[in-house]
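Read the structure below first, then the notes.
What follows is the structure in structure tokens.
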């Protein structure tokens, strides 16, 4: 039994290392000099933002990438292509893969934080992302965080490991719910699976994940508590040494985000009601 346990541990460890193996891509300097090239991408599936359907990559991020291609063609006469070389289902592995790689772009709902800026480069925010408090349908509805310890006394929290929501939930535990149990999972779909399992769970999660749950008519309740302090800004990510963030900063300006083209991308992928939430 001990030998089997050791073998399984080593197998998992090797799997995690392989999942985070470095990937090498072209720099912006190379692509600009050659007037043609490719930006290598990895992604973490995010409803409405980046996903594959019918053999084609879709979502807000993908449409913004197409706009960026047009921008570098017009400004620098560069013919740019994108290649999605890897889908990574574990959020922590996604972050770490970008961190250890060279000149690749990470595409998903990555929150821009000061901590992450120490080991990643970010584009300017491509979208703000409100957080929502969700539970299964059996939970008593609350309108304030200080009601949680009573209304959710028989509940556990579930959250994506390594996400900003993990920190927020621990802050909530310290302020409002000292005996709260927090379970970690690796992805948004795992969080949603817990909520609809019939067991007593609640979570903090991105609005885009909630939007997808509503579209699928899942048995999940949103609690309208004030979470303004948890609203994040989302960006594309690069290894710290990459030079791609600088040219993306030329494209993702406040003026562009106020354009009809940008708002159409948001509306087409997330619905017209989401446009009003974008800052």
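Residue numbers (mature numbering (1 follows the signal peptide of the UniProt record, and there is no 0)): -19 to -1, 1 to 260. Ideal placement from N, C-alpha and C gives every residue a C-beta, glycine not left out.
Neighbourhood of residue i by C-beta, 6 Å cutoff - its chain only, sequence neighbours within 5 removed
| i | result |
| --- | --- |
| residue 223 | 84 and 102 |
| residue 17 | 60 |
| residue 123 | 132 and 204 |
| residue 177 | 199 and 200 |
| residue 53 | 59 and 61 |
Own chain partners of residue i with C-beta closer than 8 Å, once the 5 adjacent residues on each side are dropped
| i | result |
| --- | --- |
| residue 220 | 79, 80, 81, 82, 83, 84, 85, 101 and 102 |
| residue 212 | 109, 110, 111 and 112 |
| residue 4 | 21, 23, 66, 67, 78, 82, 83 and 85 |
Own chain residues within Cβ distance below 7 Å of residue i, not counting five before or after
| i | result |
| --- | --- |
| residue 145 | 92, 94 and 213 |
| residue 168 | 70, 71, 72 and 141 |
Cα-Cα separation, residue i to residue j
| i | j | result |
| --- | --- | --- |
| residue 230 | residue 56 | 13 Å |
| residue 63 | residue 44 | 12 Å |
| residue 236 | residue 107 | 12 Å |
| residue 188 | residue 6 | 32 Å |
| residue 9 | residue 255 | 33 Å |
| residue 182 | residue 58 | 52 Å |
| residue 226 | residue 118 | 42 Å |
| residue 190 | residue 28 | 6 Å |
| residue 207 | residue 114 | 9 Å |
| residue 136 | residue 75 | 29 Å |
| residue 248 | residue 39 | 14 Å |
| residue 184 | residue 172 | 8 Å |
Bridge-paired residues (DSSP) for residue i
| i | result |
| --- | --- |
| residue 24 | 68 and 88 |
| residue 138 | 163 and 183 |
| residue 34 | 37 |
| residue 204 | 114 |
| residue 17 | 60 |
| residue 5 | 83 |
Interface flag, residue i vs chain B, CB-CB below 7 Å
| i | result |
| --- | --- |
| residue 74 | The structure shown contains no chain B; it is built from a single protein chain. |
Status (buried if at least 16 other CB within 10 Å, exposed otherwise) for residue i
| i | result |
| --- | --- |
| residue 195 | exposed |
| residue 210 | exposed |
| residue 134 | exposed |
| residue 139 | buried |
| residue 272 | Absent from the model: residue 272. The displayed extent of the chain is -19 to 260, so no value can be given. |
Task: In chain order, each beta strand (DSSP E) run of at least 3 residues that lies wholly inside the stretch 211 to 253 - done: 213 to 220
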